[in-house]
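> Quick one: the structure is below, and I'll ask about it shortly.
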Amino acid sequence: MSAERDPRDRHLAPAPAGTPEPSAPSSPVEVTSSYPVAKAILHELDSFAVILGPDLQLLYANPAARQSTHVSGIELSDSRFLAQAKQVLNTGTATSHVNEDETPVRIQFIPLPDRHLVVLVEDLGEEQRVQAMRRDFIANVSHELKTPISAISLLAEAVVEGADDPEVVREFSKQLLKQARRLGNLTRDIIQLSEAQSDLRPEDRQPVDLRELVVQEVEAHRDLATGQDVSVELVLPEPASRPAITAGVPSALSTAVDNLLSNAIRYSPPGSRVRVTMTFEKDTLMVTVADQGEGIALEHQHRIFERFYRVDRSRSREGGGTGLGLSIAHHIMRGHGGAIDLWSRPGEGSQFTLTFPLLRPSQLPADSQKRDPDEPANPAS
Numbered sequence: 001m002s003a004e005r006d007p008r009d010r011h012l013a014p015a016p017a018g019t020p021e022p023s024a025p026s027s028p029v030e031v032t033s034s035y036p037v038a039k040a041i042l043h044e045l046d047s048f049a050v051i052l053g054p055d056l057q058l059l060y061a062n063p064a065a066r067q068s069t070h071v072s073g074i075e076l077s078d079s080r081f082l083a084q085a086k087q088v089l090n091t092g093t094a095t096s097h098v099n100e101d102e103t104p105v106r107i108q109f110i111p112l113p114d115r116h117l118v119v120l121v122e123d124l125g126e127e128q129r130v131q132a133m134r135r136d137f138i139a140n141v142s143h144e145l146k147t148p149i150s151a152i153s154l155l156a157e158a159v160v161e162g163a164d165d166p167e168v169v170r171e172f173s174k175q176l177l178k179q180a181r182r183l184g185n186l187t188r189d190i191i192q193l194s195e196a197q198s199d200l201r202p203e204d205r206q207p208v209d210l211r212e213l214v215v216q217e218v219e220a221h222r223d224l225a226t227g228q229d230v231s232v233e234l235v236l237p238e239p240a241s242r243p244a245i246t247a248g249v250p251s252a253l254s255t256a257v258d259n260l261l262s263n264a265i266r267y268s269p270p271g272s273r274v275r276v277t278m279t280f281e282k283d284t285l286m287v288t289v290a291d292q293g294e295g296i297a298l299e300h301q302h303r304i305f306e307r308f309y310r311v312d313r314s315r316s317r318e319g320g321g322t323g324l325g326l327s328i329a330h331h332i333m334r335g336h337g338g339a340i341d342l343w344s345r346p347g348e349g350s351q352f353t354l355t356f357p358l359l360r361p362s363q364l365p366a367d368s369q370k371r372d373p374d375e376p377a378n379p380a381s
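Spelled out as structure tokens, the structure:
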């Protein structure tokens with residue numbers, strides 16, 4: 001079965017099967033002094049790149065080009081492409097143009113000495129998607145910030161105007177504090193999202209005991225659960241003697257668990273239960289947070305990890321949510337080599353599962369190699 005061609009390479013047609021892979025020309029006349037340098041540079045690029053000779057014959061294709069089209073012995077078939085390539089060879093002037101097709105690409109022609117030509121093909125589809133996401137994020141942040149800032153401004157004016165009435169001042173001050181906290185929470189979550197989207201450096205990682213981390217988070221949410229009349233149950237992983245150590249940033253991993261627990265408690269009806277289950281699965285630890293809330297309809301589930309996406313916007317704001325918690329958890333887990341998954345059904349509640357990669361025995365700290373099964377693990381139930 002032949003490999004599917006990359007849409008970026010619509011101008012390059014593969015030669016018949018069995019054609020040997022192109023290599024650097026053996027003739028000294030064909031090899032320019034810049035050829036080895038250009039070849040070395042193009043080899044490191046992630047995007048499609050080839051070097052053509054004076055007659056537009058293929059001299060070199062980088063790994064990305066070979067992988068996307070199996071370009072061994074390719075011929076150039078598009079007349080517009082050929083015309084531009086010949087023009088660049090004749091004028092010695094680099095050019096670039098964008099094809100506004102279904103999958104937009106930028107094609108660049110860069111001349112080398114002795115009538116050789118570098119052709120770069122860059123997929124703009126991903127770039128446009130990222131730019132659209134960036135625009136949406138800025139628009140959403142602006143909208144989310146505008147609401148509490150406007151409220152704070154109006155409330156401050158009301159406090160000034162009602163300065164002679166202690167009751168008025170007290171009431172508006174409460175509302176002012178509420179909006180200030182909302183603004184603070186939003187600012188905090190935006191910072192956390194930015195940090196979660198940044199690449200982790202090796203020196204940022206350290207051994208993290210997931211048993212201890214989850215127990216601490218469950219205990220930290222007791223007051224919130226009590227205030228909502230929700231019980232929280234924790235099931236620790238078995239066997240108790242097996243270390244549950246991952247490598248990461250403790251504060252970030254705590255945030256991921258915190259966000260799931262907070263959501264589960266806030267969206268649970270009074271008298272219900274939130275169950276936190278930890279289980280080993282091969283070389284990973286799975287932490288599942290299950291609630292007995294309303295559940296999430298199927299049409300919302302594929303967007304639930306998007307920034308600022310809320311199934312019930314009014315209820316989310318009433319509960320103090322910013323719409324960023326699940327997105328933050330998603331990026332934290334991805335940055336740590338893990339995953340976050342959702343199962344939900346309306347009327348049956350939701351289950352969010354965090355999957356953490358565990359350190360191998362040879363990577364464990366000396367004090368984590370063995371665990372006394374009779375030693376209490378700060379059980380919470």
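Residue numbering for the sequence shown follows UniProt numbering, beginning at 1 and increasing consecutively.
Don't be surprised by glycine CBs; every beta carbon is placed ideally from N, CA and C.
Just so we're clear, the structure is a prediction, and the values are computed from it rather than from any experiment.
Hey, how far is the Cα of Phe137 from the Cα of Arg242?
Taking the sequence shown and counting its residues from 1, the one referred to as residue 137 is at position 137. Taking the sequence shown and counting its residues from 1, the one referred to as residue 242 is at position 242. Going by the C-alpha atoms only, they are around 42 Å apart.
> Distance, Cα to Cα, Gln351 vs Glu144?
Residue mapping note: residue 351 aligns to position 351 of the sequence shown, counting from 1. Residue mapping note: residue 144 aligns to position 144 of the sequence shown, counting from 1. Answer to the nearest angstrom: the Cα atoms are 28 Å apart.
> Determine the contact status of Arg211 and Ala247, defining contact as a CB-CB distance below 8 Å.
In the sequence shown, counting from the first residue as 1, residue 211 sits at position 211. In the sequence shown, counting from the first residue as 1, residue 247 sits at position 247. Result no, Cβ atoms of Arg211 and Ala247 do not sit closer than 8 Å.
> Residues in the same chain with beta-carbon distance under 7 Å from Pro365, minus the five sequence neighbours each way, listed in chain order, please.
On the sequence shown, position 365 is the one that residue 365 refers to. The answer, listed in chain order, is Pro207.
> Have a look at Val119 and Gln131 and give me their C-alpha separation to the nearest angstrom.
Within the sequence shown, residue 119 is the residue found at index 119, counting from 1. Within the sequence shown, residue 131 is the residue found at index 131, counting from 1. Rounded to whole angstroms, Val119 to Gln131 spans 25 Å at the Cα level.
> Please report how far the alpha carbon of Leu358 lies from the alpha carbon of Leu224, in whole angstroms.
By one-based count along the sequence shown, residue 358 stands at place 358. By one-based count along the sequence shown, residue 224 stands at place 224. If you take the alpha carbons of Leu358 and Leu224, they lie about 30 Å apart.
> Spell out a yes or no on whether the stretch 82-99 and the stretch 108-123 are touching, meaning 3 or more CB-CB pairs, one atom from each, closer than 8 Å.
As far as the Cβ criterion goes, the stretch 82-99 touches the stretch 108-123, which means the pair count is three or higher.
> Determine which residues share a DSSP beta bridge with Ser344 and list them.
The residue you call residue 344 lines up with position 344 of the sequence shown. Ser344 is bridged to Ser350.
> Which whole-angstrom value describes the C-beta separation of Leu324 and Arg307, a residue pair presumed to lie in contact below a C-beta threshold of 8 Å?
For this step, residue 324 is matched to residue 324 along the sequence shown. For this step, residue 307 is matched to residue 307 along the sequence shown. Right, their Cβ atoms sit about 6 Å apart.
> Alpha carbon to alpha carbon, how far is Glu348 from Leu176?
Within the sequence shown, numbered from 1, the residue matching residue 348 stands at position 348. Within the sequence shown, numbered from 1, the residue matching residue 176 stands at position 176. Taking the straight line from one Cα to the other gives about 37 Å.
> With H, G and I counted as helix, E and B as strand and the rest as coil, what does DSSP make of Arg201?
Translated into the one-based positions of the sequence shown, residue 201 becomes position 201. Coil at Arg201, not helix or strand.
> For a minimum of 3 consecutive residues, which ranges assigned as the beta strand (DSSP E) are wholly contained in the stretch 275-331?
Those beta strand (DSSP E) runs which fall completely within the stretch 275-331 and span 3+ residues are 284-290.
> Could you check how far apart the C-beta atoms of Leu56 and Val50 are, in whole angstroms? I think they sit under 8 Å.
Translated into the one-based positions of the sequence shown, residue 56 becomes position 56. Translated into the one-based positions of the sequence shown, residue 50 becomes position 50. So it is not a contact: roughly 10 Å between Cβ atoms.
> What are the uninterrupted segments assigned as beta strand (DSSP E) that are 3 or more residues long and contained completely in the stretch 102-160, given in chain order?
List check, beta strand (DSSP E) in window: 105-112 and 116-123.
> State the DSSP-derived secondary structure class of Asp223, mapped to helix, strand or coil.
Taking the sequence shown and counting its residues from 1, the one referred to as residue 223 is at position 223. Helix.
> Grouping DSSP H, G and I as helix and E and B as strand, with all else coil, what is Arg211?
As a position in the sequence shown, residue 211 is number 211, starting the count at 1. Arg211: helix per DSSP, three-state reduction.
> Taking 8 Å as the cut-off, decide whether the C-beta atoms of Val88 and Leu45 are in contact.
Taking the first residue of the sequence shown as position 1, residue 88 is located at position 88. Taking the first residue of the sequence shown as position 1, residue 45 is located at position 45. Contact flag unset, no.
> Could you give the first and the last residue of the continuous alpha helix (DSSP H) run that contains Tyr60?
The residue labelled residue 60 in the question sits at position 60 within the sequence shown. Segment Leu58 to Ala61 is the beta strand (DSSP E) holding Tyr60; no alpha helix (DSSP H) there.
> Just the C-alpha distance for Pro361 and Gly227, rounded to the nearest angstrom, thanks.
Along the sequence shown, read from residue 1 onward, the residue named residue 361 stands at position 361. Along the sequence shown, read from residue 1 onward, the residue named residue 227 stands at position 227. Their backbone Cα atoms lie some 41 Å apart in a straight line.
> Hey, is the stretch 185-199 in contact with the stretch 140-156, meaning 3+ C-beta pairs nearer than 8 Å?
Touching, yes.
> Can you give me the C-alpha to C-alpha distance between Asn259 and Ile152, rounded to a whole angstrom?
Locating residue 259 in the sequence shown gives position 259, counting from the first residue. Locating residue 152 in the sequence shown gives position 152, counting from the first residue. If I take the Cα positions, the gap works out to 26 Å.
> What's the call for Asp291, buried or exposed, on a 16-neighbour Cβ count within 10 Å?
As a working mapping, residue 291 is identified with position 291 in the sequence shown. Asp291 should be labelled buried.
> DSSP three-state label for Glu233, please.
For the purposes of this step, residue 233 is taken as the residue at position 233 of the sequence shown. It is a strand residue.
> For Glu167, count the other beta carbons within 10 Å of its own beta carbon; 16 or more makes it buried, fewer makes it exposed. Which is it?
Counting from 1 along the sequence shown, the entry for residue 167 is found at position 167. Result: exposed.
> When you compare each of Pro250, Val287, Arg222 and Arg181 to Leu236 by their alpha carbons, which one comes out closest?
Locating residue 236 in the sequence shown gives position 236, where the first residue counts as 1. Considering only alpha carbons, the answer is Val287.
> So, for Gly280: in the same chain, excluding its five sequence neighbours on each side, which residues have a beta-carbon less than 7 Å away from its beta-carbon?
Within the sequence shown, the letter at position 280 stands for residue 280. Here residue 280 is Phe; the residue named in the question, Gly, does not match the sequence. Result list for Phe280: Pro237 and Arg242, in chain order.
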